[in-house]
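Colleague: In short: position in the sequence shown from 1, add 2, done, that's this note's numbering. There's a structure below that I have some questions on.
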Amino acid sequence: MGLLEGKTALIFGVANEHSIAWGIAQALAAEGAELGFSYGIPALEKRVRPLAEGVNARLIEECNVNDDDAVDRTFEKVKETYGSFDILVHSIAYADRADLDGRFVETSRSGFHTALETSAYSLVALAQRAEPLMREGGSILTMTYYGSVAVMPHYNVMGVAKAALEAGVRYLASDLGPQGIRVNAISAGPIKTLAASGIAGFRKMLNYHEKVAPMRRSITQDDVGKTAVWLCSDWAGAVTGEIVYVDGGWNIMGTIIPTC
Ligand code: NAD
Ligand code: 0WE
Numbered sequence: 003m004g005l006l007e008g009k010t011a012l013i014f015g016v017a018n019e020h021s022i023a024w025g026i027a028q029a030l031a032a033e034g035a036e037l038g039f040s041y042g043i044p045a046l047e048k049r050v051r052p053l054a055e056g057v058n059a060r061l062i063e064e065c066n067v068n069d070d071d072a073v074d075r076t077f078e079k080v081k082e083t084y085g086s087f088d089i090l091v092h093s094i095a096y097a098d099r100a101d102l103d104g105r106f107v108e109t110s111r112s113g114f115h116t117a118l119e120t121s122a123y124s125l126v127a128l129a130q131r132a133e134p135l136m137r138e139g140g141s142i143l144t145m146t147y148y149g150s151v152a153v154m155p156h157y158n159v160m161g162v163a164k165a166a167l168e169a170g171v172r173y174l175a176s177d178l179g180p181q182g183i184r185v186n187a188i189s190a191g192p193i194k195t196l197a198a199s200g201i202a203g204f205r206k207m208l209n210y211h212e213k214v215a216p217m218r219r220s221i222t223q224d225d226v227g228k229t230a231v232w233l234c235s236d237w238a239g240a241v242t243g244e245i246v247y248v249d250g251g252w253n254i255m256g257t258i259i260p261t262c
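If you want it as C-alpha cells, here you go:
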C-alpha cells in the first residue's frame, strides 16, 4: 500500500513536464495520492491537461494566484469536487525579467511588489482558503531557493521574495499547527525548468553545483518529489515550519579550495 493512499493533493504550479511541481505530482501519485491541478494562465491548459489526465485528475482549474476572486473560485471547485483534502503543493514564483539581471539596488517599487506578491503572498492566499477544507489536518508544501539566505548573482529581488516566503512558512506553521496542518518548504538546488531557462549563466551555475556540492551531482525533479512524499506523509508527522534542503549538500559548504 502506498504511503499516501486515501489522501487528496492539490498541485499549484505545473507549467510543463519539466516543472518541479510535475516531479512532485508524479511522486505523490506513485504513492497512491489522488491529484487535482491548477495552472496560472489559459495558455498553459494545453500542456497541463494531458499531464493531469494521465494521472486521472478530477480537477483541472485555471487560477492566477494574484487574483482573489480566481483563488476563491478554485477553492469552491475544490470543495465541490473533493469536500475536504489533505495536501497542498505551492510551486509558484515570478519576478519581472528586468529584475533578474543587473543590480538589486535598481529594483523598482512595482518589480518588488510583483515578485513578493506572486512568490510569497500567494502561499498565504492559498493557505487561508485551504485551512477550512483540510478537515483532518494536512500538509502544505512550498518551493524555495538558497538565494533567500545568501546572495546568488542575478537572483536579486527573488532572493528577498524567498526570504519572505520562508518566514511565511514559519508563521503559517505556527497558526495552522493546532489544526494538525503542517507547513514546510523544500529548498532545491538548481534544476533546468522553464523558470530557469534564459537566466544568464544558468548552465555555468549547474556545472559549478555539480563540482562543488558534496554529492557531486545536480538535482532532479525526482529528488524533490521523493522528499515531498516524505514531507506530505505521516512519516513527517511532527515536522513543521522547516526549510528542508534538497541540494546535494551545497548549503553546508563555507568555501572550496579554488583550482585557480
Ligand atoms: P516552472 O516555470 O515550471 O514553474 C513556475 C510556475 O509558477 C509555473 O507553472 C507558472 O505558471 C507559475 N506561476 C507564475 N505566476 C503565477 C501566477 N500569478 N498564478 C499562478 N501560477 C503562476 O519552474 P520551476 O523551476 O518548476 O519553479 C517552481 C518553484 O520552484 C518556484 O517557486 C521556484 O522558485 C522554485 N525553485 C526552482 C528551482 C530551479 O532551479 N528550477 C530551484 C529552487 C526552487
Ligand atoms: O526561483 C527560481 C526562478 C524564479 C523566476 C524565474 C523567472 C524567469 C523568467 C522568477 N521569475 C522569472 N521571470 C521570468 O520572466 N529559481 C530558483 C531558478 C533560478 O532563477 C535564477 C537562478 C536560479 C537557480 C535567477 C538568477 C540566478 C539563479
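For glycine and all other residues, C-beta sits at the position ideal for the given N, C-alpha and C.
Considering only heavy atoms of the ligand NAD, does any lie closer than 7 Å to the CB of residue 46?
Modeller: Checking every heavy atom of the ligand NAD against the Cβ of residue 46, one is found closer than 7 Å.
Colleague: Relative to the ligand 0WE, is the shortest distance from any of its heavy atoms to the C-beta of residue 201 smaller than 7 Å?
Modeller: Residue 201: yes, Cβ under 7 Å from the ligand 0WE.
Colleague: According to DSSP, is residue 123 part of a helix, a strand, or is it coil?
Modeller: Looking at residue 123 - three-state DSSP - the assignment turns out to be helix.
Colleague: Quick check on DSSP: helix, strand or coil for residue 248?
Modeller: If DSSP states are grouped into helix, strand and coil, residue 248 belongs with the strands.
Colleague: Assuming residue 89 contacts residue 140 (C-beta within less than 8 Å), just tell me the rounded distance between them.
Modeller: Between residue 140 and residue 89 the Cβ distance is about 6 Å, and since that is below 8 Å, they are a contact.
Colleague: Hey, residue 205 and residue 212: beta-carbon distance below 8 Å or not?
Modeller: Cβ distance not < 8 Å, so residue 205 and residue 212 don't count as in contact.
Colleague: Is it buried or exposed, residue 181, if we count other Cβ atoms within 10 angstroms and call 16 or more buried?
Modeller: That one is exposed.
Colleague: If we count Cβ pairs, one from each stretch, closer than 8 Å, do we get three or more for the region 109 to 125 versus the region 74 to 82?
Modeller: The region 109 to 125 is not in contact with the region 74 to 82.
Colleague: With distances taken from CA atoms, which of 210, 7, 174, 14 is nearest residue 252?
Modeller: For the residues 210, 7, 174, 14, the minimum Cα distance to residue 252 belongs to 210.
Colleague: Name the DSSP beta bridge partners of residue 189, please?
Modeller: Beta-bridge pairing links residue 189 to 146, 247.
Colleague: Any idea which residues DSSP pairs residue 91 with across the strands?
Modeller: In DSSP, residue 91 forms a bridge with 13, 143.
Colleague: Would you check if the distance between the CB atom of residue 120 and the CB atom of residue 159 is smaller than 8 Å?
Modeller: No. Outside cutoff.
Colleague: Which same chain residues, not among the five before or five after residue 217, have their C-beta less than 7 Å away from its C-beta?
Modeller: The residues are 250, 251.
Colleague: Report the CB separation of residue 271 from residue 34 in whole angstroms; it is logged as a contact under 8 Å.
Modeller: Because the chain is modelled from 3 through 262, residue 271 falls outside the range shown and cannot be assessed.
Colleague: Quick one: what's got a C-beta closer than 6 Å to residue 238's C-beta in the same chain, skipping five residues either side?
Modeller: Cβ neighbours of residue 238 beyond the five flanking positions: 232.
Colleague: Looking only at its own chain, which residues have a Cβ that is under 8 Å from the Cβ of residue 255, when we skip the five neighbours before and after it?
Modeller: Within the same chain, residue 255 has close Cβ partners 214, 215, 216.
Colleague: Counting pairs of beta carbons, one from the region 92 to 108 and one from the region 49 to 57, are three or more of them closer than 8 Å?
Modeller: Result no; under three Cβ-Cβ pairs closer than 8 Å.
Colleague: Give the single residue among 248, 101, 63, 25 whose Cα lies nearest to the Cα of residue 118.
Modeller: Nearest C-alpha to residue 118: 101.
Colleague: Assuming the contact rule is C-beta atoms closer than 8 Å, residue 230 and residue 143 should be a hit. Round their C-beta distance to whole Å, please.
Modeller: Confirmed, about 6 Å.
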